[in-house]
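In what follows, a single structure is set out as structure tokens and then discussed.
Protein chains: 2
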Amino acid sequence: MKRTEKREHLIDVAASLFNRLGYHAAGIDLVIAEAGIAKTTLYRHFNSKEELIVAVLKRVDAQFRDKMRATVESSGNNKGDKLLATFDFLEAWFKQENFHGCPFISAAGEFGDQPSVVFHEAAIHKRLIVAYLEELARADGLPEPRKMAEEINLLHEGATAVAHITGDPTVARKAKNVAERLIRQAQAA
Amino acid sequence: MKRTEKREHLIDVAASLFNRLGYHAAGIDLVIAEAGIAKTTLYRHFNSKEELIVAVLKRVDAQFRDKMRATVESSGNNKGDKLLATFDFLEAWFKQENFHGCPFISAAGEFGDQPSVVFHEAAIHKRLIVAYLEELARADGLPEPRKMAEEINLLHEGATAVAHITGDPTVARKAKNVAERLIRQAQAA
DNA sequence: GATAAAGTAGACAGATCTGTATCTTTGTCA
DNA sequence: TGACAAAGATACAGATCTGTCTACTTTATC
């Protein structure tokens, strides 16, 4: 592995461990063992565990939104149902072996007491998601795109939480079904 | 304080700390200091921290559903809008000073790796909530009450997550607004 | 008032946590 | 090939974690 790849690999490994075990439960020693690097190396890249967590969240955010975008764009956007395609992305996510709920919601739960950079990073991600949904609602030609984006986002968050707790990925389709009704109703109005 | 009350008070204090700081971040030493009891006493009541967490979740579940029930029953259930009243309960919850997201979602995030009794307890709570919502849907005379309960539950979970991240309690009303449309649509069909 | 149960205080064990210091090895690039 | 920066290995510091142990005190109950 190249030197420049080490940092990226470290972030990926840390993301996986934090996602699986939680941010407090996954210790630095475990991260470096899994990543196959020395502790010195980790602390050369990041001054603290908190900085590592923030880097992880930034990367997960970027990957998450990229994949969602890819799903939407590759879907048959014949009609104007881009918003609905986001639920197909969710379903694929829920079906993954390593799905353990939303990493940002978990982060907010573990670092939500005092104003924390970790919590803040999670909040940024959520804002970006809603902004993207609004963009899709606009592209779909829906009235009140901001309102629609917030409503679709409610269904996203709800589906993610339920899929996590129940382990049932089909909740994505149930949420999509609700979204369909909302969109149809908005179009009729 | 009476002896028998100590255990209850301990659970309440632990619930507050776990909710605020997280289950891993809040240590036993902090719990006993805040509760004003000796460590020996805690470990006489609970064999491990995990047992304490489970006791906390059981209590929070009972209180949560009791309050939701009370809100529904005290609301003007003139028409048949019991399901809608649950969103008023959510809004009141979101407005509380110590609202830090759903304790069960956080617990699932921190103990979701291997099959854990903590995760299991969270799953039980969520099943009970959906069962209650189904009961309300039935009382409201809605068709397909199970399906409606699951859809309302999606909105509950979504609103809770969004309220946690954004800190904006008015999302409860937005979710209620969506629920109104779903219910009206179901009644019309 | 005696007795047994429960609580307090606090030291302690042993593990684990984050983060640092030291020294050696390795990869990169001129 | 030689210089230099990055990574490795590893011991360590100091804090904190869960859980135990001992010894003493309070409290409830008969």
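Chains B and Z are the protein sequences, given in the same order. Per the numbering used here, residue 4 is the first one in the first sequence, and the count goes up by one each step. Per the numbering used here, residue 4 is the first one in the second sequence, and the count goes up by one each step. Ideal Cβ placement from N, Cα and C applies to all residues, glycine included. All figures in this text were calculated on a predicted structure; none of them were measured in a lab.
Legend entry - C-alpha gap between GLU3(Z) and SER78(Z), whole angstroms: The requested residue 3(Z) does not occur in the structure, where chain Z is confined to residues 4 to 192.
Legend entry - GLU3(B), buried or exposed, once every other Cβ within 10 Å from all chains shown has been counted against 16: What the structure shows of chain B is the stretch from 4 to 192, and residue 3(B) is not part of that stretch, so it cannot be assessed.
Legend entry - Proximal residues of chain Z, C-beta to C-beta of GLU153(B) below 9 Å: Within chain Z, the residues near GLU153(B) are VAL165, VAL174, LYS177.
Inset, instruction - Taking a Cβ distance cut-off of 7 Å, strictly less, list which residues of the segment 42 to 61 of chain Z are near chain B, in chain order. - result: Within the segment 42 to 61 of chain Z, no residue has a Cβ that lies closer than 7 Å to any Cβ of chain B.
Legend entry - Three CB pairs or more closer than 8 Å across the segment 158 to 174 of chain Z and the segment 63 to 75 of chain Z: Taking 8 Å as the limit for Cβ pairs, the verdict is that the segment 63 to 75 of chain Z does not touch the segment 158 to 174 of chain Z.
Inset, instruction - Find the residues of chain Z that neighbour LEU157(B), judging by a C-beta separation of less than 8 Å, and give them in chain order. - result: Those are LEU157, LEU158, GLY161, ALA162, VAL165, VAL174, LYS177, ALA178, VAL181, listed as they occur along chain Z.
Legend entry - chain Z within 8 Å of ASP64(B), Cβ atoms only: By this cut-off, ASP64(B) is not an interface position.
Inset, instruction - Using three-state DSSP, classify ILE108(B) as helix, strand or coil. - result: When secondary structure is reduced to three states using DSSP, ILE108(B) falls in the helix class.
Inset, instruction - Buried or exposed for ASP143(Z), please, with buried defined as at least 16 other CB atoms from any protein chain shown within 10 angstroms of its CB. - result: It counts as buried.
Legend entry - Proximity to ASP15(B) [Cα-Cα], best of PHE49(B), ARG47(B), VAL59(B), VAL120(B): Among PHE49(B), ARG47(B), VAL59(B), VAL120(B), the Cα nearest to that of ASP15(B) is on VAL59(B).
Inset, instruction - Note down, in chain order, all residues in the segment 122 to 137 of chain B with a beta-carbon under 7 Å from any beta-carbon belonging to chain Z. - result: Answer in chain order: ALA125, ALA126, LYS129.
Inset, instruction - Note down the Cα distance separating PRO118(Z) from SER51(B), rounded to an integer number of angstroms. - result: Take the alpha-carbon of PRO118(Z) and the one of SER51(B): they are about 30 Å apart.
Inset, instruction - Whole angstroms is fine: what's the gap from GLU11(B)'s alpha carbon to LEU45(B)'s? - result: The C-alpha of GLU11(B) lies about 11 Å from the C-alpha of LEU45(B).
Legend entry - Start-end ranges of the alpha helix (DSSP H) lying completely within the segment 4 to 71 of chain Z, minimum 4 residues: Listed in chain order, they are 6 to 24, 31 to 38, 42 to 48.
Legend entry - CB contact flag (HIS103(Z), HIS167(Z), <8 Å): In this structure, HIS103(Z) places its C-beta atom within 8 Å of the C-beta atom of HIS167(Z).
Legend entry - Own chain partners of VAL174(Z) with C-beta closer than 6 Å, once the 5 adjacent residues on each side are dropped: ALA162, VAL165, ALA166, listed in sequence order.
Legend entry - Outcome for GLY112(B) when other beta-carbon atoms lying within 10 angstroms are tallied against a minimum of 16: By the Cβ neighbour-count rule, GLY112(B) is buried, with 16 or more other Cβ atoms within 10 Å of its own.
Inset, instruction - My understanding is that LEU136(Z) touches ILE186(Z), with C-beta atoms under 8 Å, so please give their C-beta distance in whole angstroms. - result: Going by Cβ atoms, the distance from LEU136(Z) to ILE186(Z) rounds to 12 Å, so no, they are not a contact pair.
Inset, instruction - Assign ASN22(B) to one of two classes, buried (16 or more other C-beta atoms within 10 Å of its C-beta) or exposed (fewer than that). - result: Buried, since its Cβ has 16 or more Cβ neighbours within 10 Å.
Legend entry - Selected residue, minimal CA-CA separation from PHE67(B), among PHE107(B), GLU8(B), GLU138(B), ARG149(B): Taking only the C-alpha atoms, the option nearest PHE67(B) is PHE107(B).
Legend entry - Residue of LEU13(Z), MET151(Z), VAL57(Z) minimising C-alpha distance to GLU37(Z): Of LEU13(Z), MET151(Z), VAL57(Z), the residue nearest in Cα terms is LEU13(Z).
Legend entry - Near-chain B residues of the segment 97 to 120 of chain Z (beta-carbon distance less than 7 Å), N- to C-terminal order: Listed by position, the residues of the segment 97 to 120 of chain Z near chain B (Cβ gap below 7 Å) are HIS103, GLY104, ILE108, SER109, ALA111, GLY112, GLU113, GLY115, ASP116.
Legend entry - Buried/exposed call for GLY170(Z), threshold 16 Cβ in 10 Å: With fewer than 16 Cβ atoms within 10 Å of its Cβ, GLY170(Z) is classed as exposed.
Inset, instruction - Flag ALA36(Z) as yes if its beta-carbon sits less than 8 Å from any beta-carbon of chain B, otherwise no. - result: Chain B contact via Cβ: absent.
Inset, instruction - Mark GLU76(Z) as exposed unless 16 or more other C-beta atoms lie within 10 angstroms of its C-beta, in which case mark it buried. - result: Exposed is the call here.
Inset, instruction - Return the CA-CA distance between VAL181(B) and LYS9(B), expressed in angstroms with no decimal places. - result: Distance between the alpha carbons of VAL181(B) and LYS9(B) is about 44 Å.
Legend entry - Partner residues on chain B for LEU185(Z), Cβ-Cβ distance less than 9 Å: Residues of chain B passing the Cβ test: VAL181, ARG184, LEU185.
Inset, instruction - Taking only the alpha-carbon atoms, compute the straight-line gap between THR18(Z) and PHE49(Z) and give it to the nearest angstrom. - result: Sequence inspection shows Ala at residue 18(Z); the Thr mentioned does not correspond to that position. A straight-line Cα-Cα distance of about 14 Å links ALA18(Z) and PHE49(Z).
Legend entry - Beta-carbon proximity of VAL57(Z) to VAL120(Z), cut-off 8 Å: Cβ distance < 8 Å, so VAL57(Z) and VAL120(Z) count as in contact.
Legend entry - Supposed contact pair ALA178(Z) and PHE97(Z) - C-beta distance, whole angstroms, cut 8 Å: With a Cβ gap of about 10 Å, PHE97(Z) and ALA178(Z) do not count as contacting.
Inset, instruction - With DSSP collapsed to three states, give me the class of GLN190(Z). - result: GLN190(Z): helix per DSSP, three-state reduction.
Inset, instruction - Assign ASP143(Z) to one of three DSSP states: helix, strand, or coil. - result: Residue state, collapsed to three classes: coil.
Inset, instruction - Select from THR43(B), ARG176(B), LYS42(B) the residue whose C-alpha is nearest the C-alpha of ALA95(B). - result: Minimum Cα distance to ALA95(B) is reached at ARG176(B).
Legend entry - GLY2(Z) versus GLY30(Z): straight-line alpha-carbon distance, rounded: Within the shown structure, residues of chain Z are numbered from 4 to 192, placing residue 2(Z) beyond reach of any answer.
Legend entry - Local conformation of ASP91(Z) per DSSP, three classes: Of the three classes helix, strand and coil, the one that applies to ASP91(Z) here is helix, per DSSP.
Legend entry - GLU183(B) to LEU55(Z) span [Cα, whole Å]: Put simply, the backbone Cα of GLU183(B) is about 43 Å away from that of LEU55(Z).
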